[in-house]
Each structure stands twice: as C-alpha cells, then as structure tokens.
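Q:
Protein chains: 2
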Amino acid sequence: MVTLADVARHAGVSASTVSYVLSGKRSISAPTRERIQHSIDTLGYRPHAGARALASSRTDILALMMPLRTGLYVPVMMEIAMAVTTTARSHGYDVLLLTGEEGPEAVRRVEGSAIADAMIVMDVGLDDPRLPWLREAARPAVLIGLPTETADAVGTRGLDCVDLDFEAAGARCVEHLAGLGHTRVAVLGEPPAVYERGTGFAARTLTGLRAAADRHGVGLLHRPVDGTYAAVAAAVARVFEERPGTTALVVQNEAAVEPLLALLRHQGRAVPEDVSVVAICPDQVAVHASVPLTAVSVPAREMGRLAVERLVGRLAGEEPRGTELIAPRLTPRASTGPVAALASPDAPTEDRRGHGGR
Amino acid sequence: MVTLADVARHAGVSASTVSYVLSGKRSISAPTRERIQHSIDTLGYRPHAGARALASSRTDILALMMPLRTGLYVPVMMEIAMAVTTTARSHGYDVLLLTGEEGPEAVRRVEGSAIADAMIVMDVGLDDPRLPWLREAARPAVLIGLPTETADAVGTRGLDCVDLDFEAAGARCVEHLAGLGHTRVAVLGEPPAVYERGTGFAARTLTGLRAAADRHGVGLLHRPVDGTYAAVAAAVARVFEERPGTTALVVQNEAAVEPLLALLRHQGRAVPEDVSVVAICPDQVAVHASVPLTAVSVPAREMGRLAVERLVGRLAGEEPRGTELIAPRLTPRASTGPVAALASPDAPTEDRRGHGGR
DNA sequence: ATGAAAGCGCTAACAA
DNA sequence: TTGTTAGCGCTTTCAT
Chain A
1 MVTLADVARH AGVSASTVSY VLSGKRSISA PTRERIQHSI DTLGYRPHAG
51 ARALASSRTD ILALMMPLRT GLYVPVMMEI AMAVTTTARS HGYDVLLLTG
101 EEGPEAVRRV EGSAIADAMI VMDVGLDDPR LPWLREAARP AVLIGLPTET
151 ADAVGTRGLD CVDLDFEAAG ARCVEHLAGL GHTRVAVLGE PPAVYERGTG
201 FAARTLTGLR AAADRHGVGL LHRPVDGTYA AVAAAVARVF EERPGTTALV
251 VQNEAAVEPL LALLRHQGRA VPEDVSVVAI CPDQVAVHAS VPLTAVSVPA
301 REMGRLAVER LVGRLAGEEP RGTELIAPRL TPRASTGPVA ALASPDAPTE
351 DRRGHGGR
Chain Z
359 MVTLADVARH AGVSASTVSY VLSGKRSISA PTRERIQHSI DTLGYRPHAG
409 ARALASSRTD ILALMMPLRT GLYVPVMMEI AMAVTTTARS HGYDVLLLTG
459 EEGPEAVRRV EGSAIADAMI VMDVGLDDPR LPWLREAARP AVLIGLPTET
509 ADAVGTRGLD CVDLDFEAAG ARCVEHLAGL GHTRVAVLGE PPAVYERGTG
559 FAARTLTGLR AAADRHGVGL LHRPVDGTYA AVAAAVARVF EERPGTTALV
609 VQNEAAVEPL LALLRHQGRA VPEDVSVVAI CPDQVAVHAS VPLTAVSVPA
659 REMGRLAVER LVGRLAGEEP RGTELIAPRL TPRASTGPVA ALASPDAPTE
709 DRRGHGGR
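Taken in sequence, the protein lines are chains A and Z. Numbering of the first sequence is given in the working numbering, commencing with residue 1 and proceeding in unit increments. Numbering of the second sequence is given in the working numbering, commencing with residue 359 and proceeding in unit increments.
Structure representation (structure tokens):
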C-alpha cells in the first residue's frame, strides 16, 4: 500500500508538505506542488480513509437513513437516494445507507462511532423517535420531510428540514380544478397505513386540499387507498355512489394512478371529458401515464440535492436554516379540462357502458 | 467523547484488556469482563470507527455499487439494496452506497482508500469495465448478475457471482406453456436499451427461452418493449399481425405487465382463456397484478442476502466459490391455462372486439 | 489472565 | 515556504 510517507520520500519533501498539497490548507510553491503531484500520480497514492478520519475527525461520509415502510412509493425513495449520492459525490462525500430496521439506535451508532459526519433522515413521522437523538447529536442532520404539520412547529427546533410544500401542493390542485369549474372533487390518497402512522406529507396535503376547497366552495371527499386495482375500484365506486356529481379526482398515490385510469376507461368515463384527474406525483409518472396527467410534481431529485447541499453547508460552518419548502409546480397536461357545460356531468356518455349515474 | 482509555481507567484495567473484551480474541476472567462491560455501559462507550479501521485495516463496511441505468425496474434494485443492508447489518457491517456515475473509478477509490472491506456490484454488463479492476483488487467482490452468458466463462474467473438462473427461468416458462398445449408463444422482453448494452440476464433468459422452444417445438417471437402502454400496444399488435395463432405471452419486463393486461382487457382478449401470460418478475408484482400472474419469481431479497453472505464468508477467509445460480421457481396463478381446444385459438370470442384472426 | 508498548497513516500545531 | 513532531483511538505482538 502506498502511504503519504512513500510519496514524501519519492518527492523529497516532508510528510506534512504532501498533506498540505492534498488539503490545500497552506500555500505551496508551484515547483514542489508539481513534483509532489507527480509522485502522487506515479505511485498511485490514495489517502487512507481511516487514518484521515482518525486524525481529522472527519469521515467525508454522509449517512442516509431510509426506512422503507409500507405504502411508500419505492421509485421516489430511490430517486432521492440517487440524487443524494451523486450530489454528495460532487462535494467529495460518500453515502452510508442505513435502513429503518435499527430505528433510533442507528442515530446513536453514527454519532458514537463517528462513522459519518452528518445524517439525512427520510420518511419522518409526526412523532419520530429519532428526533430527540438527532437534536442532541453533535453532528448536523437534515430531514427530508416535516415531522409536524406546520413548518414552524416546536418539534422542528434546531433541525433542518427540506420538503415539497405539500400543503400548497394540495391547494394548487383544488385551485386548478376550481378554475375549470369543478365543484365536487374526490381525493384518492395514500394507503391508510401512511396516514395512520402520521406521515407528515400526507396530512399536510390534506390540510391544503381542504383549506382551498373551503375557499373555493368546492365539496371534497377524501379516501385513502392501497395501490391495487381492487382497492381503487372500491374507493371510486364509493365516491360516485356517495356523491354522484363528482367531476374531478385528485390522486396522491403513485401506485394507484394506472389502476385508476384503467378503471375509468373500463367504466366508460372519459378523461378529461367526464372526469378530470389531477395527480401529485413525480413528473415521470405523470408523463408516462396512459393519459398524460396534469400534476403537481414531486421533485425527488431536487429534494435529495437540497438536503445534501444544506448538510454540506452545515459541515462548512453554516448555521441551521430551519425548514425550506419547495414551492409546488403544477403542469397542465391531458387529464384535466373544464367541467362539461351541457351534458349531465356525472353520467357517462351514452355509447359507453359504465356504473355511474345518480 | 468516550475512548477506550477512558473505559480502561474506569474499570481499572489496561487498554488492551478492554480491546480484547470487545473483540473476544482472548479469554478474560468473568469478573474483569463484567467490570469492563459495566464501565462500557456506564460511560456509553463506542469504538471509534476510524481508529479501528486504521489499526486493524478493517472497516466493517461493504460497498454496494448500484448503477441505475435506464430500463431497469427500480423496485427490484431497491429490494436488493435493502436486503443487502439488512443482511449486512446482521453480520455487523454497514453499507456504502455507490452509484454508477463514477464507473471503474469507484472500484479504484474503494480499493485505494480502504474505504470498504469488500464490494457488491450490480447491473453487470457483458463487457463491464469494472471487471478488470475488481479482479486485480485485493478486496473480495461479489457480482449480482453474470457478466457473460455462460456461467463458467473465462470472464468470471476469480469473481464470485450470484444470480437467478435466468436461462433456466426462460426454459421453465416455455415448458409450462408447452405443457398446456401452447405452440406459438411471444416474448415481451426488457426495453431495447437493456439488450443493447449487453446486460447478462436479458440475454441469458432469451437463450433459455429459445432452447426450450426448440426442444418442445414451440414457435417463439421476441420483442423488446419499453414499459409504456404505447410501446406494449405496438409490440402486441405486431405479434398478432405476424403470427395470428399466438396463444401465449411471456413477459420479462415489470413495467410492461400492467399495460399489457390493460391492453388485452381492452382488446377483449381474456386471460387465460384467449391468451395465457407467464411473467418473469418479483412475486409481489405477480400477485398484485390485475390478473394474478403465473410467474417465475425474481428473488431480489435472496440475491441480496446471498451476495452479502458470500462476501462475509470471503472476509472470514473462505475461498471464492465462483458462480451460484438460484434455481427458478414457477408459481402457477390465474394467468395461464390450457390452449382452447374447440374454439379457434387465435380469435377473440364473439362478443368482444379484437384485432386478432387469421 | 493481564499489561506494556509499538505502531496503523494522517493532520495540524509549532518551529524554523 | 517547508520541516518536525505530537498525537488521533484502537489493535496486537511481546512480555509477564
């Protein structure tokens, strides 16, 4: 193994000079620097991560805590994870992947063993047991997601948070539909399990949806659904039964998107002529759906990138900046249109078979 | 920060004794061990990862190289990644996540910086540029996937591989269908990009499919498809045009599963009465599809687990064991049945519209 | 069964 | 601008 001492010897300088060339922490004359750089290249030297960590108390590693609980849409998690690692690499950091299995213990392990310099925490619950440990930890942490419904809540104190402004996102969906004349809207939400364990983003979306619905005089029905065809079918059936005049749907459930579109097609409800559909999902899902969806995009990449940049800043001495919410962006596509003016808005058109009707 | 020296002082023993209690590498009298353990608990001591790595040249970290190239089904990758991390944890290892961005450079980085003890490499291509570096590396590596079409090929020398036996999996699908009387089968494969870059598993599946088709006198059509409704529709249309008598489909493309089923439904082709469908996909996809699919399952968890266990074995001194292929398991579900005996097998039944017919 | 002590490879004062 | 040196916290040989 090639050590720093080897390089120093080869270049005819002292070890510290080599170290300083590497870190750039003091000025080196051009000739020496070049000579040392040449030795480094020739010998194929790489600093030993452990030795560096021991001497400098910096590992250049970020820990990514990613519990994968039921009901979460895996590709989004993955996209965040990938954005985190690539952004981290571009700042010279590696990423240690931690699953949820260990729970709060993982936080203590990272802290106690100095195995990483900082942590990114995903899938934050309202009363997340990791939070107390994160607050006490000497290392900075950034949450992707909010532990509480409101951005400035006490629970967030001292912790940096990055997330989509799901409340605004929900509101944006209703506003868009209200603008098209829709007054009866149903929401197909995340699976029940997601709400039950108090996942922040789902609750916040609902808050935004309801507030906007009130403001615009829109009637709102909310149904959590599992991402299966059967569950979606059952939920939609109930919706049209309980409120036949429904002309628009908001979907916040990536796994339910295709089942929903297939179902509507099968029922002979045309999108957007009979029913408008707005989704809250990644652009990729919206674009590739069998009907391109008008949607508020969930900016997975950006969230990952922001989290890392925040963390890198903190490690460079910046102060915590609290919560940073990404403003929602709604892109109109083919799935929404004005509410039908003449035809009865709730009955499928005549030449299609369907279950609707009042 | 609590150090080993602190613990030693607190327990009234030497540092080495504490170290040996931790590693179990020499026998300690019960009283001393208990006293030391008590001090460890009281002080909340955790060994410093960097210091340990420096002194022992072991990091207790496994690197997971997971390029996420187009056409890959993300949830499978994720499931492997999760299985890797949880299995790794159960053996005392952490996992460092590396994306494909860096390519072969990542291998050299891990090797040179002693940042991990071993590596798991995913998404291996036929002529993967990482392979030469992996072979030269001092650290053991396990590939998930095969770099070549045949298990014993030269390219694999010295490297451990773990994978599903995709060749046998392909064969198994054809055998199942042949057993039900089907003689004209079409394969909807992975996206073209996957074949083009020479991904081993796709090629191997095809080999197995073709061999079995030959053996059983089955006519086989192969169409790579992107996982979109439009692409699937186009491919299926071509299939029934070119070979109207087709009565069964094999799908090796998770993203295409639902679009395919929706399309068949829409065309009025009943599954399995008019068309049998066999998939090669994770159980979860097969079970939750809108028609529960007869499928050869892709055992993502097991692959991740096996890879880690192999690696842990190697780190404990075991010799490389070469390639280990997991035998395919086909589970019959609702999507396959005997080829229709009386009715013309290629035309949809009368009350449905369809494009088939000879 | 336990202790003493020499590093592991690097960083960062402190000197010159 | 460069060199000298004292650790960082742990493992492990060599003694006892």
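Backbone N, C-alpha and C define an ideal beta-carbon position, used for all residues, glycine too.
1. Do A:T247 and Z:E459 come within 8 Å of each other at the CB atom, strictly closer than that value?
2. Using 8 Å as the limit for Cβ to Cβ distance, is Z:V453 near chain A?
3. Around the Cβ of A:P75, are there at least 16 other Cβ atoms within 10 angstroms (buried) or fewer (exposed)?
4. Taking A:M78 as the query, report the chain Z residues whose CB atoms sit under 9 Å from its CB, ordered along the chain.
5. Using a Cβ-Cβ cut-off of 6 Å (strictly less than) and excluding sequence neighbours within five positions of A:A186, which residues of its own chain qualify?
6. Can the beta-carbon of A:G337 be found closer than 8 Å to that of A:E242?
7. Does any CB atom of chain Z fall closer than 8 Å to the CB of A:I28?
8. Ignore the nearest five residues each way along the sequence and tell me which others in A:G125's own chain have a CB closer than 8 Å to its CB.
9. Compare the C-beta of Z:S377 with all C-beta atoms of chain A and state if any pair is closer than 8 Å.
10. Can you find a C-beta in chain Z that's less than 8 Å from the C-beta of A:S190?
11. Could you give the uninterrupted runs of the alpha helix (DSSP H) lying entirely in the segment 33–101 of chain A, keeping only those of 4 residues or more?
12. Between the alpha carbons of A:A193 and A:P299, how many angstroms are there, rounded?
13. Which residues mark the beginning and the end of the alpha helix (DSSP H) in which A:P224 is found?
14. Grab me the residues of Z:A692's own chain with a C-beta within less than 6 Å of its C-beta, minus the 5 sequence neighbours each way, in chain order.
15. Pick helix, strand or coil for A:E105, following the three-state DSSP scheme.
16. Straight-line CA distance for Z:L412 to A:A51?
17. Would you mind reading off the limits of the beta strand (DSSP E) that contains Z:S381?
18. May I ask you to list, following chain order, the residues of the segment 316–336 of chain A that have a beta carbon less than 7 Å from some beta carbon of chain Z?
19. Between the segment 621–630 of chain Z and the segment 660–674 of chain Z, do at least 3 Cβ pairs fall closer than 8 Å?
20. In three-state DSSP terms, what is A:V154?
21. Buried or exposed: Z:R488, going by 16 or more other Cβ atoms within 10 Å of its Cβ?
22. Can you find a C-beta in chain A that's less than 8 Å from the C-beta of Z:G450?
23. Using CA atoms only, rank isn't needed, just tell me which of A:L164, A:R108, A:R321, A:R184 is closest to A:I280.
24. Tell me whether Z:E612 sits in a helix, a strand or coil according to DSSP, three-state version.
25. Are Z:D486 and Z:L430 close, meaning C-beta to C-beta below 8 Å?
26. Would you call the CB atoms of A:M375 and A:L68 closer than 8 Å?
27. Hey, would you say A:L306 sits closer than 8 Å to A:V95, going by beta carbons?
28. For Z:R384, which three-state DSSP category applies?
29. Expressed to the nearest angstrom, what Euclidean distance is found between the alpha-carbon atoms of Z:A363 and Z:S387?
30. Report the neighbours of A:Y229 on chain Z: residues whose CB is nearer than 7 Å to its CB, in chain order.
31. How is A:S113 classed by DSSP in three states: helix, strand or coil?
32. Does any residue of chain Z bring its CB to less than 8 Å from the CB of A:P371?
33. Since A:R58 contacts A:D117 with CB under 8 Å, what's their CB separation in whole angstroms?
34. Could you check if Z:A496 is buried or exposed, using at least 16 other CB atoms within 10 Å of its CB as the buried criterion?
35. To the nearest whole angstrom, what separates the beta carbons of Z:T563 and Z:Q610, a pair I think is in contact under 8 Å?
36. Buried or exposed, going by whether 16 or more other CB atoms sit within 10 Å of the CB of Z:S414?
A: For this structure:
1. Not closer than 8 Å, so no.
2. Chain A contact via Cβ: present.
3. A:P75 is buried by the Cβ-count criterion.
4. Here the neighbours are L426, V432, P433, M435, M436, A439.
5. The residues are L221, V239, T246, L249.
6. Going by C-beta atoms, A:G337 is not nearer than 8 Å to A:E242.
7. No - not a single Cβ of chain Z is within 8 Å of the one on A:I28.
8. Cβ-Cβ distances below 8 Å link A:G125 to P147, R197, G198, T199, G200 in the same chain, with the five nearest sequence neighbours on each side left out; the list follows chain order.
9. Not closer than 8 Å to any Cβ of chain A, the Cβ of Z:S377 fails to qualify, so no.
10. One detail in the question is off: residue 190 of chain A reads as Glu in this sequence, not Ser. Chain Z, which has no Cβ nearer than 8 Å to the Cβ of A:E190, makes this no.
11. Runs of the alpha helix (DSSP H) lying entirely within the segment 33–101 of chain A and spanning at least 4 residues, in chain order: 49–56, 74–90.
12. For A:A193 and A:P299, the gap between their C-alpha atoms comes out near 23 Å.
13. The continuous stretches of alpha helix (DSSP H) do not include A:P224, which lies in the beta strand (DSSP E) extending over residues 219–224.
14. Taking C-beta separations shorter than 6 Å and ignoring five residues to either side along the sequence, the partners of Z:A692 in its chain run V649, P650, following chain order.
15. In the displayed model, A:E105 falls within a helix according to three-state DSSP.
16. For Z:L412 and A:A51, the distance between alpha carbons rounds to 5 Å.
17. No beta strand (DSSP E) contains Z:S381, which is instead part of the alpha helix (DSSP H) from 373–381.
18. Close to chain Z, meaning a Cβ-Cβ distance shorter than 7 Å, is no residue of the segment 316–336 of chain A at all.
19. The segment 621–630 of chain Z vs the segment 660–674 of chain Z: no contact.
20. Reliability of the predicted coordinates at A:V154 is poor, the pLDDT of 45 falling under 50, and no value is obtained from them.
21. Z:R488 sits buried, since 16 or more C-beta atoms from the chains shown fall within 10 Å of its C-beta.
22. No - not a single Cβ of chain A is within 8 Å of the one on Z:G450.
23. Proximity to A:I280 across A:L164, A:R108, A:R321, A:R184 peaks at A:L164, based on C-alpha coordinates.
24. If DSSP states are grouped into helix, strand and coil, Z:E612 belongs with the helices.
25. No, the pair does not count as a contact, with Cβ atoms beyond the cut-off.
26. There is no way to answer for residue 375 of chain A, as the model of chain A reaches only from 1 to 358.
27. Taking 8 Å as the Cβ cut-off, A:L306 and A:V95 do not qualify as a contacting pair.
28. Note: Z:R384 maps to coil in three-state DSSP.
29. Between the C-alpha atoms of Z:A363 and Z:S387 there is a straight-line separation of about 20 Å.
30. The answer, in chain order, is S648.
31. Of the three classes helix, strand and coil, the one that applies to A:S113 here is helix, per DSSP.
32. Because chain A spans 1 through 358 in this model, residue 371 of chain A falls outside it and cannot be assessed.
33. 6 Å between Cβ atoms; contact.
34. The residue is exposed, with fewer than 16 neighbouring Cβ atoms inside 10 Å.
35. With 8 Å as the limit, Z:T563 and Z:Q610 qualify as a contact, their Cβ atoms being about 6 Å apart.
36. Label assigned to Z:S414: exposed.
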